[in-house]
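Structure first, commentary second.
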Amino acid sequence: MIGDPLLTAEESAYRDEASARIHALIPPDLPERMDRNEILYPKEYLREMAKHRYLGVPVPAALNGGGRDILADALVNELAGYWGSAALACCRSFTSHGGVILWKYGSPYLHDHYLRPTLAGDKFVCQALTEPGAGSDAAAIQTTAERRGTTYVLNGQKRFIDGAQSVDYIIVAAKVRPGGHEALAMFCVDTDRPGYAIKEVQADWMGFRGLGSAWIAFENVEIPVENRIGEESEGWKILMEELAIERVVATRAQLGQARRALQIAANYAEHRRTFGRRLRDHQWIAFTIADLAARLDAAALLNTRAARLLGQGLGKEARLEVSMAKLQGVETAWQVIDESLQILGGIGYTKKYPLERMLRDVRASRFTAGSTEMMRLIIQEEVFERLRDPAFRGEFVGNELAGSPLSPEGGQ
Ligand SMILES: Cc1cc2nc3c(=O)[nH]c(=O)nc-3n(C[C@H](O)[C@H](O)[C@H](O)COP(=O)(O)OP(=O)(O)OC[C@H]3O[C@@H](n4cnc5c(N)ncnc54)[C@H](O)[C@@H]3O)c2cc1C
């Protein structure tokens, strides 16, 4: 068997060890119990993950993180998706993309009070950006954080917030003055503050259950100025950095789920017989499995590329690669799980196999953390931007076009 040529031997060893550990620590019935909403938030699992430093994987070890990089974080999330579920991967990755921004932009007070205990599994965190009136258009949020002396006073509503019923604090995006994205700042808000309220429990979702999701309200919630992450002027930059990590790392969990789905389908096709032959001996089924395997690896390669670029400290510069990884990752995972279920036929639609849950879970990823449409908008913007940039032109315009009427120099 050949190894993954895009991973070093050391990275492969880390992944293999993580695979065995994560498999061992996830109770086999946990994904289904979460799916039935029997669990409000999987705190015991997060505590176990913390023991092995699988929370906050890119954060330095001195702050209780894994001391590794974004790629290692993506690999851990892929395994949490493979052995567990997208929901289990999601609450783990909150500690990484949230952890990275707390580490990079947070004060020593925020490190001690929030980051260290979170990565030790003693405190739980989630993120609140989306509002009833603003999802994809993040700059349009209306939650306000008004500065009054040594405190900020928060007012507004956020909905679809995973973990809102259960966590100790939330990383919240709010506006410090009227305006667009430049007015946005980021805060740590304790959920035991007076004025924090669950407006509506959101437990009846199609998938992604067991995370204590809710529509929440802030009514004159006072928080100390020390709870602001970074400067007021840095809010948008911090949010974009956090979202870029989320787009790569959370998508990898969907690829983990999809890999498991395809393995189940391939195994089924080896044993199920129709018309006197194994399913895999029908060429349509065999070719479908071939196409899905190739697409899955292509999506994983894009994900690895984006993770490496983020790990090199590139953020804005890697918008194209991150958006391609998100777009291809979630669309491929959706397609792989759907086609895998098709190979199982009717039994795939029952709870005997996890495919129907995976299909419900992966559906959300096509619009969360930047929808497929938003990714296409960014990709086309970057394609045209790079066409104008001589440093990148070679990617899109072959030398044979240079000087021709079709080239940018030709003016047509
Ligand atoms: C399971 C789940 C978990 C979630 N967890 C969280 C969480 O923990 N924290 C959090 O803050 N949020 C969370 N969300 C919210 C999620 O991130 C938003 O649903 C997402 O950002 C899309 O926003 P929206 O639903 O308001 O859709 P809208 O922004 O209203 O968009 C509706 C549709 O129109 C499309 N669209 C919008 N603008 C354009 C355009 N210019 N061109 C073409 N198409 C466009 C969108 O792609 C989408 O398909 C969660 C949602 C779900 C379902």
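In terms of this note's numbering, the sequence shown is numbered consecutively and its last residue is 1185.
Positions of the beta carbon are idealized from the N, C-alpha and C atoms, including for glycine.
Note that this is a predicted model, so its numbers are computed, not measured.
Using the Cα positions of residue i and residue j, report the straight-line distance between them to the nearest angstrom.
{"i": "R1133", "j": "G857", "result": "15 Å"}
{"i": "L813", "j": "A1067", "result": "37 Å"}
{"i": "Y1126", "j": "L844", "result": "30 Å"}
{"i": "L1114", "j": "L798", "result": "27 Å"}
{"i": "L919", "j": "I934", "result": "Residue 919 is actually Glu in this sequence, not Leu. Taking the straight line from one Cα to the other gives about 22 Å."}
{"i": "G983", "j": "L861", "result": "9 Å"}
{"i": "T1145", "j": "A893", "result": "34 Å"}
{"i": "G939", "j": "P815", "result": "Looking at the sequence itself, residue 939 is Ser, so the reference to Gly does not match. For S939 and P815, the distance between alpha carbons rounds to 10 Å."}
{"i": "G871", "j": "E973", "result": "24 Å"}
{"i": "P997", "j": "Q1027", "result": "37 Å"}
{"i": "D910", "j": "L1160", "result": "26 Å"}
{"i": "Q1185", "j": "F1157", "result": "Bear in mind that a pLDDT of 48 at Q1185, under 50, signals an unreliable position, so the number given afterwards is only what the model happens to contain. Rounded to whole angstroms, Q1185 to F1157 spans 15 Å at the Cα level."}
{"i": "A791", "j": "G922", "result": "47 Å"}
{"i": "S785", "j": "A1072", "result": "18 Å"}
{"i": "M774", "j": "R1032", "result": "In this prediction, M774 scores a pLDDT of 46, lower than 50, which makes its location untrustworthy; the coordinate-derived value is nonetheless stated afterwards. Their Cα atoms are separated by approximately 17 Å."}
{"i": "T781", "j": "I1116", "result": "35 Å"}
{"i": "K1010", "j": "R794", "result": "35 Å"}
{"i": "Q1056", "j": "D846", "result": "38 Å"}
{"i": "G953", "j": "S869", "result": "27 Å"}
{"i": "L1012", "j": "F1048", "result": "55 Å"}
{"i": "V962", "j": "I943", "result": "5 Å"}
{"i": "R826", "j": "K896", "result": "15 Å"}
{"i": "R809", "j": "K1124", "result": "12 Å"}
{"i": "R820", "j": "A990", "result": "28 Å"}
{"i": "R1092", "j": "S880", "result": "27 Å"}
{"i": "D941", "j": "Y887", "result": "9 Å"}
{"i": "A1017", "j": "E811", "result": "32 Å"}
{"i": "F960", "j": "Q1036", "result": "42 Å"}
{"i": "Q930", "j": "D977", "result": "20 Å"}
{"i": "Y1122", "j": "R865", "result": "28 Å"}
{"i": "A1063", "j": "L1150", "result": "30 Å"}
{"i": "G908", "j": "A834", "result": "34 Å"}
{"i": "A823", "j": "A1164", "result": "43 Å"}
{"i": "A937", "j": "F867", "result": "12 Å"}
{"i": "W988", "j": "T1141", "result": "16 Å"}
My understanding is that residue i touches residue j, with C-beta atoms under 8 Å, so please give their C-beta distance in whole angstroms.
{"i": "T916", "j": "E904", "result": "6 Å"}
{"i": "N993", "j": "N928", "result": "6 Å"}
{"i": "V1109", "j": "A1034", "result": "6 Å"}
{"i": "L1074", "j": "I1152", "result": "Going by Cβ atoms, the distance from L1074 to I1152 rounds to 17 Å, so no, they are not a contact pair."}
{"i": "G1084", "j": "D842", "result": "4 Å"}
{"i": "G981", "j": "A853", "result": "It is Phe, not Gly, that sits at residue 981 in the sequence shown. Not quite, the Cβ-Cβ distance comes to about 14 Å (not below 8 Å), so this is no contact."}
{"i": "A901", "j": "V949", "result": "No, A901 and V949 are not in contact; Cβ-Cβ is about 16 Å, not under 8 Å."}
{"i": "E1043", "j": "R1051", "result": "6 Å"}
{"i": "Y878", "j": "I1002", "result": "5 Å"}
{"i": "G1008", "j": "A958", "result": "4 Å"}
Give the single residue among the options whose Cα lies nearest to the Cα of residue i.
{"i": "P800", "options": "G1008, E817, G983", "result": "E817"}
{"i": "E1129", "options": "D1111, E1146, H796, G968", "result": "D1111"}
{"i": "L1087", "options": "E1014, A1073, R1033, I1116", "result": "E1014"}
{"i": "A1079", "options": "S1096, A1063, L1069", "result": "S1096"}
{"i": "G1029", "options": "C863, T781, E783, P833", "result": "C863"}
{"i": "T964", "options": "G879, I914, C899", "result": "C899"}
{"i": "R1136", "options": "I1062, V949, E1104, K1124", "result": "E1104"}
{"i": "L836", "options": "G854, I874, E851", "result": "I874"}
{"i": "G1118", "options": "Y1041, V962, V1022", "result": "Y1041"}
{"i": "I1120", "options": "L1082, R1045, I1062", "result": "R1045"}
{"i": "M979", "options": "E1154, M807, H796, D1162", "result": "M807"}
{"i": "N850", "options": "E1007, V1022, W988, A913", "result": "V1022"}
{"i": "A1038", "options": "A1098, A1017, T1061", "result": "T1061"}
{"i": "L828", "options": "R889, D802, H796", "result": "R889"}
{"i": "Y925", "options": "G968, A913, I914, Y787", "result": "G968"}
{"i": "Y779", "options": "W988, D1162, R1081, K1089", "result": "Here the sequence assigns Leu to residue 779, which means Tyr is not the residue at that position. Of W988, D1162, R1081, K1089, the residue nearest in Cα terms is R1081."}
{"i": "E1094", "options": "D1162, Q975, R966, R1020", "result": "R1020"}
{"i": "R1139", "options": "E1154, G1102, A1164", "result": "G1102"}
{"i": "G839", "options": "T891, E805, L803, P804", "result": "T891"}
{"i": "A1098", "options": "N1076, W1107, K1089", "result": "N1076"}
{"i": "Y855", "options": "H796, A956, R1053, V830", "result": "H796"}
{"i": "E1005", "options": "L1069, A947, Q975", "result": "A947"}
In the DSSP assignment, what residue or residues form a beta bridge with residue i?
{"i": "V898", "result": "Y942"}
{"i": "V962", "result": "I943"}
{"i": "N928", "result": "T917"}
{"i": "V994", "result": "L927"}
{"i": "K1010", "result": "DSSP, once it has assigned bridges, lists no residue as partnering K1010."}
{"i": "K948", "result": "T917, L957"}
{"i": "T1123", "result": "Answer by DSSP bridge pairing: none, since T1123 is not bridged."}
{"i": "W988", "result": "E973"}
{"i": "T1047", "result": "R1050"}
{"i": "E821", "result": "Its beta-bridge partners do not exist; DSSP assigns none."}
{"i": "E904", "result": "A907"}
Beta-carbon of residue i versus every beta-carbon of chain B: anything under 8 Å?
{"i": "R889", "result": "No chain B appears in the structure shown, which is made up of a single protein chain."}
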